[in-house]
Amino acid sequence: MPGLPLTSRGLEEVVFHRGAAPVTVARFLAEVAALAARLPDEGPVLNFCADRYLALLGFAAALSRGHVTLLSADRTPLRLAEIAQGHGARYALSDVAAVLPLPVLRPDAMPGEAAPNPLIPADAIAVIAFTSGSTGEPQPHAKPWGALVAGARGAAETFGVTGGTSVLGTVPAQHMYGFETTVMLPLQGAGAGHAGDVFYPQDIAAALAALPAPRLLVTTPLQLRALLRSEVAMPALAGIVSATAPLSDALATEAEAAWGAPVREIYGATEAGSIASRRTLEGPGWTPYPGMTFAIGEDSASVTVPGLPAPVPLSDRLVRDGEGRFRLEGRLADMVKVAGKRASLAGLTRILTGIDGVEDGAFVAPDDLDANPQARLAAAVVAPGLSAEAIVAALREQVEPAFLPRPVVMLPALPRDAVGKVSRNAIAALAWRR
1 MPGLPLTSRG
11 LEEVVFHRGA
21 APVTVARFLA
31 EVAALAARLP
41 DEGPVLNFCA
51 DRYLALLGFA
61 AALSRGHVTL
71 LSADRTPLRL
81 AEIAQGHGAR
91 YALSDVAAVL
101 PLPVLRPDAM
111 PGEAAPNPLI
121 PADAIAVIAF
131 TSGSTGEPQP
141 HAKPWGALVA
151 GARGAAETFG
161 VTGGTSVLGT
171 VPAQHMYGFE
181 TTVMLPLQGA
191 GAGHAGDVFY
201 PQDIAAALAA
211 LPAPRLLVTT
221 PLQLRALLRS
231 EVAMPALAGI
241 VSATAPLSDA
251 LATEAEAAWG
261 APVREIYGAT
271 EAGSIASRRT
281 LEGPGWTPYP
291 GMTFAIGEDS
301 ASVTVPGLPA
311 PVPLSDRLVR
321 DGEGRFRLEG
331 RLADMVKVAG
341 KRASLAGLTR
351 ILTGIDGVED
361 GAFVAPDDLD
371 ANPQARLAAA
381 VVAPGLSAEA
391 IVAALREQVE
401 PAFLPRPVVM
411 LPALPRDAVG
421 KVSRNAIAAL
431 AWRR
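With UniProt numbering, letter number 321 in the sequence shown gets 321, and the count goes up by one each step, no holes.
So, in structure tokens, the structure goes:
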């Protein structure tokens, strides 16, 4: 297979902002070569660096040595040890102290001599990414280098990212969404990434203010809501990108009004990567990324991604809109049937979170819903000042009686992971205590 360069950027372009001096491509390639010379002879490597530039540097150095990188958004020691053992990791790269059953190296950015831009075979497996495990055990998915490059270039074109755009992400670099938009995008698309690991509203605002305009914020609905509720002063934004969970029209409207920047969503999955986008307030139609080909049937859909060896089945039901776009009609596994009626858990959740006073919420179905005529859905709700009875009364105006939740579990916060995905199992354990 033909090779693709490690980076498509010019030597004098800025690829990352880290500290006082911007990191040019020339400096980056020199640091890649210096780190690559320190690495063990064999991979795979477990990369869980919090500093986003060090995560990129470690990935690039390992890739140049032919080592596969294992990516997990869950950075707990137990999960990392399970991945290391299950996938034969030979070493790990980290900028924080860690106790693992394998050597852990710190990928310090060290000055080095000028180095070439290495060619990587397009079909070489660059990373193995793991699903979040929010609905079960995390599953591994291998990503060829060519597919990662195609996705990064498609994202740059879709979101209008230029060489001077500053890209700040609030999602870990080890999450597939964060990896594509904040690691691969500067490497193979355009823009300059931000190295810091930020999460809280004040930290996000301060980091953005320190970056040159135009600025692109890559985040999640959960963090968007936190930013808006904090009322922290934000610098001018050129755009906002959201993923990991559905974004309500109300939240997108509030964000655009507050910051005067378009809010766009990404549709994708760990298996396929990012494959389509939409501006939330322009309607339900999703526009495929350049080069993505969708096969949409009555009860199934798949996408052909440049660089992947076979079409990827999608877990959602898609419907074409006649203009080259498609709508999402709910996850295939998300459709539930109660008393002869069908509904989507995502659709019910969208109604729930649209109730005035509800800050967060989610519908879940019991395991025996199909077999037990008495089984009913449950809802977990974050709504200070509202009672469970008030929630049900508000839902009754928009939801069929069969889908009204029993019980409604009122919580101070939903059990979510670092990127905002809800743990279905944790909610089920609260709703149906054994």
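Glycine included, every Cβ here is placed at the ideal spot set by N, Cα and C. Please read all numbers here as calculations on a predicted model, not as lab measurements.
Cβ distance (whole Å) where residue i is taken to contact residue j below 8 Å
i: D197; j: D51; result: 7 Å
i: L318; j: A301; result: 4 Å
i: A92; j: F48; result: 7 Å
i: T270; j: H141; result: 5 Å
i: A155; j: T182; result: The Cβ separation is near 10 Å, so there is no contact.
Of the listed residues the options, nearest to residue i (C-alpha basis)
i: P186; options: V408, E13, L411, G361; result: E13
i: A89; options: A115, D123, S248, G43; result: G43
i: P401; options: S423, L377, A429; result: L377
i: A147; options: A156, A124, V161; result: A124
i: P415; options: F363, R406, L35, E389; result: F363
i: A126; options: M335, G307, E231, A155; result: G307
i: L11; options: V171, L328, R27; result: R27
i: R79; options: W432, L100, S64, V96; result: L100
i: E298; options: Q223, P290, G154, E329; result: E329
i: E7; options: Q188, A209, G169, A213; result: Residue identity differs from the one stated: residue 7 is Thr in this sequence, not Glu. The option with the nearest alpha carbon to T7 is Q188.
i: A426; options: T170, A380, V399, H175; result: A380
i: G322; options: P284, D316, L57; result: P284
i: P201; options: A55, K337, R342, T170; result: T170
i: P5; options: S64, I120, A255, L35; result: I120
i: P107; options: R264, W145, L57, M184; result: L57
Element boundaries [beta strand (DSSP E), containing residue i]
i: E329; result: 326–331
i: M335; result: 335–338
i: F16; result: 14–17
i: G193; result: 192–194
i: L168; result: 166–169
Those residues which DSSP pairs with residue i across a bridge
i: N47; result: L93
i: T141; result: For the sequence presented, residue 141 should be read as His rather than Thr. Answer is A129, bridged to H141.
i: G239; result: L216
i: A379; result: F363, V408
i: L71; result: A129
i: M292; result: In DSSP, M292 forms no bridge with anything.
i: E265; result: S242, R278
i: P22; result: H17
i: G385; result: Answer is none; G385 lacks a bridge partner.
i: K421; result: Looking at the DSSP assignment, K421 forms no beta bridge with any residue, so it has no partner.
i: I120; result: L4
i: P313; result: S302
i: R416; result: V422
Limits of the unbroken alpha helix (DSSP H) element including residue i
i: A207; result: 201–209
i: I83; result: 77–86
i: L318; result: Element bounds for L318: not the alpha helix (DSSP H) but the beta strand (DSSP E), 316–320.
i: A301; result: No alpha helix (DSSP H) holds A301; the beta strand (DSSP E) holding it covers 301–304.
i: F28; result: 25–36
i: G178; result: 176–179
i: A429; result: 424–431
Any chain C beta carbon closer than 8 Å to residue i
i: L6; result: In the structure shown, chain C does not exist; there is a single protein chain.
| said: Taking 8 Å as the cut-off, does the segment 118–133 touch the segment 64–84 (at least 3 CB pairs, one atom from each stretch)? | reply: The segment 64–84 is in contact with the segment 118–133.
Open item on the list: For the structure I just gave you, are there three or more beta carbon pairs, one from the segment 235–248 and one from the segment 204–222, closer than 8 Å?
Closed with: They touch, by the three-pair rule.
**OP:** Mind the definition here: the segment 402–409 touches the segment 155–175 only if three or more C-beta pairs lie below 8 Å; say whether that holds.
**Re:** Counting Cβ pairs under 8 Å, fewer than three are found: no touch.
Original post:
Do the segment 300–314 and the segment 259–274 meet, that is, are 3 or more Cβ pairs less than 8 Å apart?
Top reply: In short, these stretches touch, since the Cβ pair count reaches three.
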